[in-house]
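A.B. asks:
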Amino acid sequence: MRRAGGSIRASDGGAMGRRLAVAVVVVFAATAVLADVLASDRPLLLHLDGRLYVLPNAIDYDALAGRSGDDLRAAMDRDDWAVWPPVPYAPDTVRTRGALRVLEPPSADHWLGTDDRGRDVLARLIHGARTAAVLALGVAGLALAVGGALGAFAAWRRGLVDAAIMAGCDVVAAVPGIVVVVAAQGLIGRGGLGAMIALVALPRVAALARVVRAALAAALAEPYCDAARAAGASERRVVVRHALPHAAGPAAVATALSAATAVLSEAALGFVGFGAPPPAASWGELLQQAHENGLAWWLAAPAGTAIALAAAAFDGLAHRPRRQPLTLPAVSPPTR
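Numbering (the numbering used here), first residue to last: 183 to 518.
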């Protein structure tokens, strides 16, 4: 049979967008993992006083305790050497030698300038990726684990259990996650990143539960599930073996959207002063500084671009390339 309109395949634009989203997520994750290698005020390799130190930026050596990057530079003589990260500043590094550079535009020393405390913006941007990645991974994982389990249990038990779980999800979903975080921090004080992950994940748990429950309920009503029951399979086996695989796709989409929501939530909370506790770097905190210092465009542009790219990339992962509809040629009735 000839397929009208050419081959049936994913559109080039959709496939290209998905590949681009994957590339951005990979770069985002790599930046988060390698943040200490990319930006640190301590060298990657250091030869000092006849001894070689490997990764002193990540390993605490007793001989280097309490010594900043400026101190190490001052202690080096002609026989000493060091291999420095591409960005030789930590996210909280403030110059201890020379003039303090506050709100300095991009320069040869600070490629993206400095913030209102004299800290390097590029270093804070790189380490802010780690904060956003930890929050995105934690929120997405917690939403998938707890929300998926609740949705599957509701679809399996049905009846009052299903109604109670879905009613609870409706109540949780009705309250914005940012409002929950701000209210909780106002009542009990600012907690760690774990508490922030749990609070931001609450609405996404409800969303995952509803998605998984709907997918499983639809699958359990299909004839192949009825056939499995007729063959003697228990309801638990029908759910796990036959219905649950059909919820994997919708759950993956909702999980990717949860990661995108977490990135945006972290930025919003950092902007209003309720983000990750110090000394953690935050993209939202850079936006807050840009708002308070209206002429410091070098604070807003990099952070805004990073937030938009990360959120758009996770959103892109949630959308599979659309396929062209199958069009069959018209068939004329047989002639006698």
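Glycine included, C-beta positions come from ideal geometry on N, C-alpha and C.
If distances are taken between C-alpha atoms only, which option among Phe-210, Val-362 and Ala-197 comes closest to Ala-442?
C.D. replies: Considering only alpha carbons, the answer is Phe-210.
A.B. asks: Note down the Cα distance separating Trp-465 from Leu-285, rounded to an integer number of angstroms.
C.D. replies: Those two C-alpha atoms are separated by around 16 Å.
A.B. asks: How many whole angstroms separate the CB atoms of Trp-338 and Glu-417, which I take to be in contact at a CB cut-off of 8 Å?
C.D. replies: So it is a contact: roughly 7 Å between Cβ atoms.
A.B. asks: Val-421: buried (16+ other C-beta within 10 angstroms of its C-beta) or exposed?
C.D. replies: Classification for Val-421: buried.
A.B. asks: Does the count of Cβ pairs from the segment 340-347 and the segment 433-447 closer than 8 Å reach three?
C.D. replies: Output reads no: the segment 433-447 does not touch the segment 340-347.
A.B. asks: Along the alpha helix (DSSP H) that carries Trp-480, what are the first and last residues, could you check?
C.D. replies: Element bounds for Trp-480: 479-499.
A.B. asks: Going straight from the alpha carbon of Ala-494 to that of Ala-380, what length do you get?
C.D. replies: Going from the Cα of Ala-494 to the Cα of Ala-380 covers about 23 Å.
A.B. asks: Could you give the DSSP three-state label for His-229: helix, strand or coil?
C.D. replies: Residue state, collapsed to three classes: strand.
A.B. asks: Alpha carbon to alpha carbon, how far is Ala-197 from Val-364? Give it in angstroms, no decimals.
C.D. replies: In a straight line, the C-alpha of Val-364 is about 39 Å away from that of Ala-197.
A.B. asks: Once DSSP output is grouped into helix, strand and coil, what is the label at Leu-326?
C.D. replies: Correct three-state label for Leu-326: helix.
A.B. asks: Among the candidates Arg-419, Arg-395, Ala-396 and Val-219, whose CA atom is the shortest distance from the CA of Tyr-406?
C.D. replies: Measuring from the Cα of Tyr-406, the nearest candidate turns out to be Arg-419.
A.B. asks: If I measure Cβ to Cβ from Ala-450 and keep anything under 7 Å in the same chain, skipping five residues before and after, which residues do I get?
C.D. replies: Once the five neighbours on either side are set aside, the close Cβ partners of Ala-450 are Ile-360 and Gly-466.
A.B. asks: Let me make sure I understand the geometry here. Which of Thr-275, Ala-327 and Phe-496 has the alpha-carbon closest to that of Ala-314?
C.D. replies: The candidate whose alpha carbon is nearest that of Ala-314 is Phe-496.
A.B. asks: Exposed or buried, what is His-292 when buried is set at 16 or more other beta-carbons lying within 10 Å of its beta-carbon?
C.D. replies: His-292 comes out buried.
A.B. asks: Does Pro-511 pass the burial test, meaning 16 or more other C-beta atoms within 10 Å, or should it be called exposed?
C.D. replies: Per-residue confidence for Pro-511 stands at a pLDDT of 46, beneath the threshold of 50, marking its modelled position as unreliable; the derived number appears in the next sentence. Flag for Pro-511 reads exposed.
A.B. asks: For the beta strand (DSSP E) containing Val-264, list its first residue and its last residue.
C.D. replies: The identity of residue 264 in the sequence shown is Ala, whereas the question assumes Val. Segment 263-265, the beta strand (DSSP E) holding Ala-264.
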